[in-house]
Amino acid sequence: MSPLSRRRFLGATLAAAGAVAVSSVAGCANGNPGIRDLGASPRPLAIPPLAPSTRDAAGRRVVELVAAPGTSSFLPGVATPTWGYGGLPFGGPTVRVARGDDVVLRVTNRLAGTTTTHWHGASVPARADGGPHQPIAPGATWEASWRVDQPAATLWYHPHPHGQTERHVLRGLFGLFLVDDDIPAALPSDYGVDDVPLVLTDRSFAPDGSFDEQHRNSVGLLGDTVLVNGTIAPYLDVTTTRVRLRVLNASSARSYRVAVDDEAPLTLVGTDGGLLPAPRTVTGVVLTPGERAEVVVDVAPGRRRVLRSLSHDLGAVNGVTRAAGADDSFDLLELRPAARLTTSPPVPARLSRETPLAEGGRTRRFVLSNNRINGRAMDMSRIDEVVPAAATEIWEFTNRHTLPHNMHVHDARMQVLEPDVPAGERAWKDTVAVPPSTTVRALVRVGPHTDPEVPYMLHCHLLRHEDDGMMLQFLVVGAGQRAATTIAGHDHG
Ligand code: C2O
Ligand code: CU
Ligand code: CU
Numbered sequence: 036m037s038p039l040s041r042r043r044f045l046g047a048t049l050a051a052a053g054a055v056a057v058s059s060v061a062g063c064a065n066g067n068p069g070i071r072d073l074g075a076s077p078r079p080l081a082i083p084p085l086a087p088s089t090r091d092a093a094g095r096r097v098v099e100l101v102a103a104p105g106t107s108s109f110l111p112g113v114a115t116p117t118w119g120y121g122g123l124p125f126g127g128p129t130v131r132v133a134r135g136d137d138v139v140l141r142v143t144n145r146l147a148g149t150t151t152t153h154w155h156g157a158s159v160p161a162r163a164d165g166g167p168h169q170p171i172a173p174g175a176t177w178e179a180s181w182r183v184d185q186p187a188a189t190l191w192y193h194p195h196p197h198g199q200t201e202r203h204v205l206r207g208l209f210g211l212f213l214v215d216d217d218i219p220a221a222l223p224s225d226y227g228v229d230d231v232p233l234v235l236t237d238r239s240f241a242p243d244g245s246f247d248e249q250h251r252n253s254v255g256l257l258g259d260t261v262l263v264n265g266t267i268a269p270y271l272d273v274t275t276t277r278v279r280l281r282v283l284n285a286s287s288a289r290s291y292r293v294a295v296d297d298e299a300p301l302t303l304v305g306t307d308g309g310l311l312p313a314p315r316t317v318t319g320v321v322l323t324p325g326e327r328a329e330v331v332v333d334v335a336p337g338r339r340r341v342l343r344s345l346s347h348d349l350g351a352v353n354g355v356t357r358a359a360g361a362d363d364s365f366d367l368l369e370l371r372p373a374a375r376l377t378t379s380p381p382v383p384a385r386l387s388r389e390t391p392l393a394e395g396g397r398t399r400r401f402v403l404s405n406n407r408i409n410g411r412a413m414d415m416s417r418i419d420e421v422v423p424a425a426a427t428e429i430w431e432f433t434n435r436h437t438l439p440h441n442m443h444v445h446d447a448r449m450q451v452l453e454p455d456v457p458a459g460e461r462a463w464k465d466t467v468a469v470p471p472s473t474t475v476r477a478l479v480r481v482g483p484h485t486d487p488e489v490p491y492m493l494h495c496h497l498l499r500h501e502d503d504g505m506m507l508q509f510l511v512v513g514a515g516q517r518a519a520t521t522i523a524g525h526d527h528g
């Protein structure tokens, strides 16, 4: 069947399916089906394997990733066609690199269509960024290489093909990308044991078992089933008194407020771009799509705790809050501590000694409207901004729209200017929520890599908004470099 006739066939099935086959799809007010209670008995949390790496003759660390279709079984007896990296049917292995490594990432595309692989949060040369200008044709292998030079952080990778990101990520193309650097030894760091990745995604299922890719609202595509590392209703056996959770929101549109039990205190130690200067006690962390947080949770022998997502305020009017999934509350993960636990050291009082970004660079203003930035839609042949290499600037995002948006800047580390947060306590970000009718001002530091012809992206990370054109392009140039004003030879097809 051609892709087109398959789509028609699915559409017809959905229309005829009625309430019984897919209550999830049939009953979605505001395009938010709510979270289904599957009555599922908890299942062990899947931990994404670490991606194997080799050293080449030049001493570079080489990681090979293959993107390919597969089949997953999330619901008992239901086969779901999915895509994955590194031999996994859904999701990808965790890539782990260290600061100072020369890395080579080699991505082979075994899908039927063109994809790309973007290293979200990484400071990389523009040609290695994996955005829409670095397509990987079916059957082709693309190579990205750079020297890792950024602090320890929980980054991630995912496709970024022009106008197609939502579909590729939804099918399962995403993975974590961890950067190691000197961090306090007392932070739990035994991968999969007391340092545990949690990739949050939500999906709904069509009657034939495939993911529902159609019933989106203006915020995007919400699922009625939450998958953590691809597992429905997971539990984790805990063997230490503290566990560090690295949480990534890889969902298309849903935001989460990650909390423990009924808002018991938990310790926030890191955000998108790295560790906080000092741990912060919080009762929950809101993550919009693309954002990450590292939290440390204390457990006592034999006493179960539940990681949950609680309803939260996105600063939007009611119907929109619902459409963004923000008024749903549901369990994410049950923590099952053993009867005897190994005592973990206390979380250190100092986590990172990085110098905060200095204020004072030039200001750029971005006004967010209906899936447009400064009134413009993404144009792959247009350069929107030119930024000097390694500059620190103030980027001001004003949301004049009724919908929540967030802003992600490639190649950059950001610190949000909150007047009540002293400079020495600001968190490192690369994706920031911009609620309706607000302005978020952020210090933005772009990387040292220059390229007068290949741009980086700035966009909303609600994937449908991004695909609809809520994205601009910027060049990072060195002194004396002449920035291109247009990108020639690009074909929009
Ligand atoms: Cu997570 Cu431009 O991407
Ligand atoms: Cu990115
Ligand atoms: Cu948006």
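In terms of the working numbering, the numbers along the sequence shown are unbroken and rise by one, the last being 528. Ideal Cβ positions, reconstructed from N, Cα and C, are used throughout, including at glycine. All values derive from a computational prediction rather than experimental measurement.
Using the three-state DSSP reduction, which class does residue i fall into: helix, strand or coil?
| i | result |
| --- | --- |
| valine 355 | helix |
| aspartate 502 | helix |
| alanine 161 | helix |
| glycine 210 | strand |
| glycine 126 | strand |
| glycine 459 | helix |
| glutamate 394 | coil |
| isoleucine 267 | strand |
| aspartate 215 | strand |
| valine 421 | strand |
| glutamate 492 | Correcting the residue type first, residue 492 is methionine in the shown sequence and not glutamate. Reduced to three states, the DSSP call for methionine 492 is strand. |
| alanine 64 | Confidence at alanine 64 is low in this model, with a pLDDT of 48, below 50, so its placement is unreliable and no value can be given for it. |
| alanine 523 | coil |
| aspartate 230 | strand |
| glutamine 508 | strand |
| arginine 399 | strand |
| glycine 513 | coil |
| serine 76 | coil |
| glycine 112 | coil |
| glycine 119 | strand |
| isoleucine 408 | strand |
| serine 287 | coil |
| serine 583 | Given a span of 36 to 528 for the chain in the structure shown, any question on residue 583 remains unanswerable. |
| valine 183 | coil |
| leucine 222 | coil |
| aspartate 237 | strand |
| leucine 262 | strand |
| valine 382 | coil |
| aspartate 348 | coil |
| aspartate 414 | coil |
| aspartate 272 | strand |
If residue i and residue j are in contact, beta carbons under 8 Å, what's the gap, nearest whole angstrom?
| i | j | result |
| --- | --- | --- |
| leucine 257 | glycine 360 | 5 Å |
| leucine 100 | threonine 152 | 7 Å |
| threonine 302 | threonine 318 | Going by Cβ atoms, the distance from threonine 302 to threonine 318 rounds to 11 Å, so no, they are not a contact pair. |
| leucine 493 | methionine 415 | About 14 Å; that fails the 8 Å criterion. |
| glycine 309 | proline 186 | 4 Å |
| valine 278 | valine 334 | 7 Å |
| arginine 552 | glutamate 431 | Nothing can be reported for residue 552, as the shown portion of the chain is limited to 36 through 528. |
| glutamate 420 | arginine 407 | With a Cβ gap of about 15 Å, glutamate 420 and arginine 407 do not count as contacting. |
| threonine 323 | serine 290 | 5 Å |
| valine 97 | arginine 141 | 7 Å |
If you follow the beta strand (DSSP E) that residue i is part of, which residue opens it and which one closes it?
| i | result |
| --- | --- |
| arginine 277 | 277–284 |
| alanine 371 | The sequence given here places arginine at residue 371; alanine does not occur at that position. Its beta strand (DSSP E) spans residues 365–377. |
| glycine 105 | 96–107 |
| tyrosine 192 | 188–193 |
| threonine 302 | 301–306 |
| glutamate 389 | Per DSSP, glutamate 389 belongs to no beta strand (DSSP E) and is neither H nor E. |
| arginine 340 | 340–344 |
| valine 321 | 320–322 |
| aspartate 91 | Run containing aspartate 91: none; DSSP gives neither H nor E here. |
| leucine 311 | 309–317 |
| arginine 327 | 327–333 |
| threonine 291 | The sequence shown places tyrosine at residue 291, rather than the threonine named in the question. Segment 291–295, the beta strand (DSSP E) holding tyrosine 291. |
In terms of residues, what are the limits of the alpha helix (DSSP H) holding residue i?
| i | result |
| --- | --- |
| serine 201 | Serine is not the amino acid found at residue 201; the sequence shown has glutamate there. Taken as a continuous stretch (DSSP letters only), the alpha helix (DSSP H) holding glutamate 201 covers 200–206. |
- Give me every residue whose Cβ sits closer than 5 Å to any heavy atom of ligand 3, in chain order. After applying the 5 Å Cβ criterion, the set is His440, Cys495, Leu497 and His500.
- Going along the chain, which unbroken runs of the beta strand (DSSP E) with 3 or more residues stay wholly within the region 132–178? Counting whole runs of 3 or more residues, the region 132–178 contains the beta strand (DSSP E) stretches 137–144 and 153–155.
- Continuous beta strand (DSSP E) assignments of at least 3 residues falling wholly in the region 423–490: Entirely contained in the region 423–490, the beta strand (DSSP E) runs reaching 3 residues are, in chain order, 427–434, 440–444, 447–451, 466–469 and 474–481.
- Query: Which residues are close to ligand 2, meaning CB closer than 6 Å to any heavy atom, in chain order?
  - Reply: Listed by chain position, these are His153, His155, His443 and His445.
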